[in-house]
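J.: Have a look at this one.
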Amino acid sequence: MNFLAHLDLADFCRSHLAGNLLADFVRGDPYKQHTKAAADGIKLHRFVDGYIDAMPQVKQCQRLFRPETRRVSGIALDLIWDHFLARHWNDYHTQPLSQFVAFARQEVEIYQHNLPESYQQMSSRMWQQQWLIQYQETATIETALTRMAIRRPKLHQLANTPTDIFTHYQQLETTFHAIYPQIQQAALIYRQLQYGN
């Protein structure tokens, strides 16, 4: 899952939104670097990532990618899951996506403790360019994957993953609807067991 899903899951679990968004930019023990609430959010994000990576349905989706793009399929799938969540937002929420994004931005920007520069740059672009709203459009996913491939030459094959995605679009969409409720429940149970709320 990418930015939108992690924010949504954080809200669903009543976890720290900024911590969940920040997680990919934090290495090591988050409790030594951030407030407990934010560190708890980082740990939830890490749990969700591990849970998704282990799901048989996700592994099956990775096999839909061609051999040359399969190595980066996990990154491409993270983006496509956000696309399907944004596109079908009303299936999972009563609150409109635009309202949720405004709420999430307000919650995230309150937290200003020990933020890496790379996170600040990403976050600024994300809010200003309305990435979370734009995820609804298939063209946005293709653009995002292409830009990531340019920024990170080792991941150059990301530029070729839209072919795989659009070839298997229907199957990926069906899989998303099957796995997302499972991920929501797993995240909620983790949160309850770990923190008792």
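Heads up: the sequence shown at position 14 corresponds to 371 in this note's numbering, and the numbers run straight through without jumps.
We put the beta carbon where it would ideally sit given N, CA and C, even for glycine.
Here the structure is a predicted model, which is why all the values come from computation and not from measurement.
(1) Among I399, L378, A394, which residue has its Cα nearest to the Cα of G385?
(2) Looking at C-alpha atoms only, which residue of N471, S480, S430 is the closest neighbour of H513?
(3) For the putative contact between Q414 and A535, defined by C-beta atoms under 8 Å, what is the C-beta separation to the nearest angstrom?
(4) Counting along the chain, where does the alpha helix (DSSP H) carrying K511 start and finish?
(5) Run through DSSP, which three-state label would S372 get?
(6) With respect to the alpha helix (DSSP H) encompassing V429, which residues constitute its N-terminal and C-terminal limits?
(7) Got a sec, what are the start and stop residues for the alpha helix (DSSP H) D386 sits in?
(8) Output the distance between the C-alpha atoms of A443 and A411, rounded to the nearest integer angstrom.
(9) May I ask you to report which of helix, strand or coil DSSP gives Q486?
(10) Can you check which of these residues, Y552, A516, Q539, is closest to L366 by C-alpha distance?
(11) Please list, in chain order, all residues of the same chain as H391 whose beta carbon is under 8 Å from its beta carbon, the five residues on each side excluded.
(12) Identify which residue in E474, Y526, T451 has its Cα closest to the Cα of I498.
(13) From what residue to what residue does the alpha helix (DSSP H) around F422 run?
(14) Which class does E530 belong to by DSSP, given the choice of helix, strand or coil?
(15) Does Q478 come out as helix, strand or coil in the three-state DSSP assignment?
(16) Tell me which residues share the same chain as K489 and place their Cβ nearer than 6 Å to its Cβ, disregarding the 5 neighbours each side in the sequence.
(17) Give me the Cα-Cα distance between E474 and L515, rounded to the nearest whole angstrom.
(18) Below 7 Å CB to CB, which residues in the same chain sit around R423 once its five sequence neighbours on both sides are set aside?
(19) Would you report the Cα separation of Q486 and Y492, rounded to the nearest angstrom?
T.: Let me lay it out:
(1) What you label residue 385 is simply residue 28 of the sequence shown in a count that begins at 1. Sorting I399, L378, A394 by C-alpha distance to the C-alpha of G385 places I399 at the top.
(2) Here residue 513 refers to the residue found at position 156 when the sequence shown is read from its first residue. If you compare the alpha carbons of N471, S480, S430 with that of H513, the shortest gap goes to S430.
(3) Along the sequence shown, one-based indexing puts residue 414 at 57. Along the sequence shown, one-based indexing puts residue 535 at 178. Confirmed, Cβ separation roughly 6 Å.
(4) The count along the sequence shown starts at 1 and reaches residue 511 at position 154. Following the DSSP letters along the chain, one finds K511 in no alpha helix (DSSP H), marked with neither H nor E.
(5) Residue numbering aside, residue 372 sits at position 15 when the sequence shown is read from its first letter. If DSSP states are grouped into helix, strand and coil, S372 belongs with coil.
(6) If you number the sequence shown from 1, residue 429 lands on position 72. Bounds of any alpha helix (DSSP H) do not take in V429, whose DSSP letter is neither H nor E.
(7) Position 29 of the sequence shown, counted from the first residue, corresponds to residue 386. Counting along the chain, D386 falls outside any alpha helix (DSSP H), and DSSP gives it neither H nor E.
(8) One-based indexing of the sequence shown puts residue 443 at position 86. One-based indexing of the sequence shown puts residue 411 at position 54. Straight-line Cα distance between these residues: approximately 23 Å.
(9) Here residue 486 corresponds to residue number 129 of the sequence shown, with the count starting at 1. Coil, per DSSP.
(10) Walking along the sequence shown from the start, residue 366 turns up at place 9. Of the candidates Y552, A516, Q539, the one whose C-alpha sits nearest the C-alpha of L366 is Q539.
(11) Counted from its first residue, the sequence shown places residue 391 at position 34. Contacts found: G376, L379, V383, I399, H470, N471.
(12) For the purposes of this step, residue 498 is taken as residue 141 along the sequence shown, with counting starting at 1. Ranking the options by Cα distance to I498, first place goes to Y526.
(13) Within the sequence shown, the letter at position 65 stands for residue 422. Segment: none, F422 is in no alpha helix (DSSP H) and carries neither H nor E.
(14) By 1-based counting over the sequence shown, the position of residue 530 is 173. In the displayed model, E530 falls within a helix according to three-state DSSP.
(15) Taking the first residue of the sequence shown as 1, we reach residue 478 at position 121. Correct three-state label for Q478: helix.
(16) As a working note, residue 489 is residue 132 in the sequence shown. A small correction: the amino acid at residue 489 is Leu; Lys does not occupy that position in the sequence shown. Hits under 6 Å: L361, V458.
(17) As a position in the sequence shown, residue 474 is number 117, starting the count at 1. As a position in the sequence shown, residue 515 is number 158, starting the count at 1. Distance between the alpha carbons of E474 and L515: 24 Å.
(18) Position 66 of the sequence shown, counted from the first residue, corresponds to residue 423. Around R423: D521.
(19) In the sequence shown, the residue the question calls residue 486 occupies position 129. In the sequence shown, the residue the question calls residue 492 occupies position 135. Pairing Q486 with Y492, the inter-Cα distance amounts to about 11 Å.
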